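Down below is the structure, laid out as C-alpha cells.
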Amino acid sequence: MSELNVKLQTELDTFSLDVEFECESSGVTLLYGPSGSGKTTVLRAIAGLLKTDLCEIRFNGEIWQDATRFTPPHHRPVGYVFQEASLFPHLSVRKNIEYGYKRVSKQDKRIDFDDAVSLLGVQRLLNRAPGQLSGGERQRVAIARALLTSPSLLLMDEPLAALDNRAKQEIFPYLEQLHSEFSIPLLYISHDHNEAARLADRIVLMDDGKVTATGDAHLFMTRLNLPLSHQDTAAAIIEGDVIEYDEKDQLTWINVAGSRVGLSGYTGTGSRLRVQVYARDVSLALSEHRDTSILNILPVTVLGREELDNSQMMVRLKLADDQTMLSRITKRSADILELHRGKQLYAQVKGIALL
Amino acid sequence: MEWQPVWLTVKLASVTTLTLLILGTPLAWWLARSNAWWKEVIGSIVALPLVLPPTVLGFYLLMLLGPEGPLGNLTSSLGLGTLPFTFAGLVVGSVIYSMPFVVQPIRNAFESIGKRPMEVAATLGASPLESFFSVAVPLARRGFLTGSVLGFAHTVGEFGVVLMIGGNIPGETRVLSVAIYDHVEALEWGQAHMMAAGLLAFAFITLVMMYMIDRRFQDRDA
C-alpha cells in the first residue's frame, strides 16, 4: 500500500507550522483549508523546496527527508504544478514540456509524450511561446510538463486559483481524467468547495498551521464540526450502482443504499457512480410521501444537528448503508419535526448532480 | 595611424571581459541569492571602483603587486616575476576596475528572475548546475549582454589605472587612451584626433547596438 507520512515544524513569518499526518497516497488527497493556513509550505516541504531541520517526509516507506537525510528536489519522484503556471519564458511550449521528460531515464518513463499532450489538449500549442498562451492554456502546459516526469506523486498547489471561471471549467475535465487515466497519486491544495467535492478521495484539513482532521472525503463533507458542512454550497457525495437507463423518461436509475434514485440523462451503465447532493436540495418528512413531485426519497436516520445562524440548521443524516448526507432546513421545521439523534425520517432529494 | 595601440586595447578589453564573465557570473549569482549578512560588504567592495579615483586604485595595485608588495612577493617566488608594467598586470587592474560594470547588471538580472524558475527546474529533475545553465543564464541574458558590453567599453576607456600600473610600453601596455595622452603631450593634434574620434564612434555605436539588441530580447520575453 502506498503511503505518505509528513511531519513538519517550522516558524514562518507570520505563524508557526506544526503539521503531522499520514495518508494513503493513492487516489486524490486534498489539502484543504483557508488561505494562510500553511498548505503551500507543506507541499513545498514534500517536494524538497523547503529546507528546515524539523521535517520528516516518507513516501511508500522511502525516507525523503529526516534529521540527517535530505533528498534534493531533483531526485524526488514528484511532479509539482504551481499556482501560476511558471513556464520557462525562453523556451517554446514543446521545449518546456520536454524539459522534464528528457531528464527521466527510459525505464522510469511510464507516461507517453503524445498521450499526455493529447490528454491535456496542448498538441496545437507545441510550437508557440508561453507568452502567446491564455492563462488556462498555460496551466494545461504546466500540468503536462509535470505529468511527463512520470512522477510517483503529483503535487498541485491550487492550479486553478489564478484562473477565471471559464478557464477553470476548461481545465477541470482534464484534472479528473488525469487521475483515472494515469492513476498517479495526487496531492492537491484547494480552498474551493466545488473542487474538493469533485476530485477528492480523502481530505487533510488544515487551519492555522495545524492539521485539524484527516479522513475520507465523503464523510468529511458532512461532518458538522468541520467547516465544509457550514457553507452555502455544503453538499454530500454519495455513491450508487447503476441499475438501468430509462429511455422514455431519459433517466438513469441508480441504487443508493437500497433505494432507487433517478438522475437526469444517460450516464452509462454497469458502474458505480458518484453523485453530489446539495444540503439545500434536501428536505425532510416524517412519512414517505408519494403525492409529491420529488422523485427521490430515501429513508434516513438523524446523526446530528448544528445551528448555522438564527434561522437555519444543518442536519446530518445516515443512509441505510452508512453513507452520510446533509439537509439544510429552518430551525422552525426542525422543531416541528422534533429532530433528535436516531430519529428515522424520509429525505426528499430535489436535485442530484453527477460528478 | 598606428594600429598597435588599437589591437592592444581590443586584446586587453576582450581578455578582461572574458575573465570577468568567468569570475563575475558566480559572484553575481552569490550576491543575488545569498542571505549572508556580509554579502553587501562584498557587494560594496565590488562596487568600489565606481566611486574611487582610478589613480587610487592603480596606486594600491602597484603597492600590492610590486616587488615589495605581498602579492608581488608571491608572484616572484612562483617564478612569474612581478605584474606591474606587463600586459598581465594590466588585465588584473582592468578586471578589478571594470568588475562592477559586469557584475552589477548580471546580479540584477539574476535577482529579477526570482526563485521560482529554479524551483520549477528542480522539480522537473534538473540538478542545480543544469538549472543554472539551462534556465538562469538564458533568462538573465539581457544582464549578460549589458554586462559584457559595459565591461568591454569601460576597459577600452580606462586610463588612470593603466597609467599607474601599466605605464607606456609599446606593444605591452600602451593602450589607446595612453597613446592619445602621449600625442596630446607631444602636441600631435592630428594623431590624437584620429584616435579620439575613433573611440567616440566606437563607444556610440556600441551603446546603440546594445540598446537595440536589448529591446529585441525584451520584445521576445514579453
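Protein chains in written order, with the UniProt record's numbering: chain A, 1 to 355; chain B, 1 to 222.
We put the CB at the ideal spot given by N, CA and C, even for glycine.
Because the structure is a prediction, the values reported are computed rather than measured.
For the pair Y266 (chain A) and V256 (chain A), the Cα-to-Cα distance works out to about 17 Å. When Cβ-Cβ separations below 8 Å define contact, R103 (chain A) makes contact with chain B. As DSSP reads the structure, K318 (chain A) sits in a beta bridge with A:T301 and A:T324.
The bridge partners DSSP lists for Y80 (chain A) are A:L155. Beta-bridge analysis with DSSP links M313 (chain A) to A:E307 and A:I329. In chain order, T233 place their CB closer than 8 Å to the CB of N194 (chain A), counting only its own chain and leaving out the 5 sequence neighbours on each side. According to DSSP, G215 (chain A) shares a beta bridge with A:I203.
Between E22 (chain A) and L205 (chain A), the alpha-carbon positions lie close to 12 Å from each other.
Note on geometry: alpha-carbon atoms of M118 (chain B) and R142 (chain B) lie some 18 Å from one another. Here L125 (chain A) carries a helix assignment [DSSP, helix/strand/coil]. Taking 8 Å as the cut-off, the Cβ atoms of V300 (chain A) and L226 (chain A) do not count as close.
If you look at F59 (chain A), you'll find it in the beta strand (DSSP E) that goes C55 to F59. Going by beta carbons, P70 (chain B) and S76 (chain B) fall outside the 8 Å limit.
Pairing Q312 (chain A) with R328 (chain A) gives a Cβ-Cβ distance under 8 Å. Rounded to whole angstroms, the separation of the alpha carbons of R76 (chain A) and M99 (chain B) is 39 Å.
Chain B has a Cβ within less than 8 Å of the Cβ of Y99 (chain A). Within the same chain, and ignoring the five residues on either side of H191 (chain A) in sequence, the residues whose Cβ sits closer than 7 Å to its Cβ are Y32, G33, P34 and S35. In the structure shown, E188 (chain B) falls within a coil segment according to DSSP collapsed to helix, strand and coil.
According to DSSP, Q9 (chain A) shares a beta bridge with A:D18.
Counting C-beta pairs with one atom in each stretch, the region 18-36 of chain B and the region 284-303 of chain A have fewer than three that are closer than 8 Å, which means they do not touch.
For E119 (chain B), the C-beta contacts it makes with chain A under 7 Å involve L49, in order along the chain. If you check each beta-carbon in the region 128-145 of chain B against every beta-carbon of chain A, the ones closer than 7 Å belong to V135, P138 and L139. Chain-order list of chain A residues neighbouring G125 (chain B): H74, G100, R103, V104 and T149, by C-beta distance under 7 Å. Chain B has a Cβ within less than 8 Å of the Cβ of V78 (chain A). Fully enclosed beta strand (DSSP E) runs of no fewer than 3 residues occupy 153-157 of the region 134-180 of chain A, in order along the chain. Exposed is the label assigned to N127 (chain A), since fewer than 16 other Cβ atoms lie within 10 Å of its Cβ. At least one C-beta of chain A is nearer than 8 Å to the C-beta of R116 (chain B). For L12 (chain B), the enclosing alpha helix (DSSP H) starts and ends at Q4 to R33. Neighbours of S86 (chain A) across chain B, judged by C-beta separation under 9 Å: R116, P117, E119 and V120.
Chain B has a Cβ within less than 8 Å of the Cβ of F82 (chain A).
The Cβ neighbour count for F88 (chain A), taken over all protein chains shown within 10 Å, is at least 16; the residue is labelled buried. For T252 (chain A), the enclosing beta strand (DSSP E) starts and ends at L251 to V256. Looking only at A:G61, A:E137 and A:M221, the smallest Cα-Cα distance to H230 (chain A) is reached by A:M221. In the structure shown, Q104 (chain B) adopts helical secondary structure according to DSSP, grouped into three states. Counting along the chain, the unbroken alpha helix (DSSP H) around A47 (chain B) starts and ends at K39 to V51. Between P54 (chain B) and E172 (chain B), the C-beta gap is not smaller than 8 Å, which leaves the two residues out of contact.
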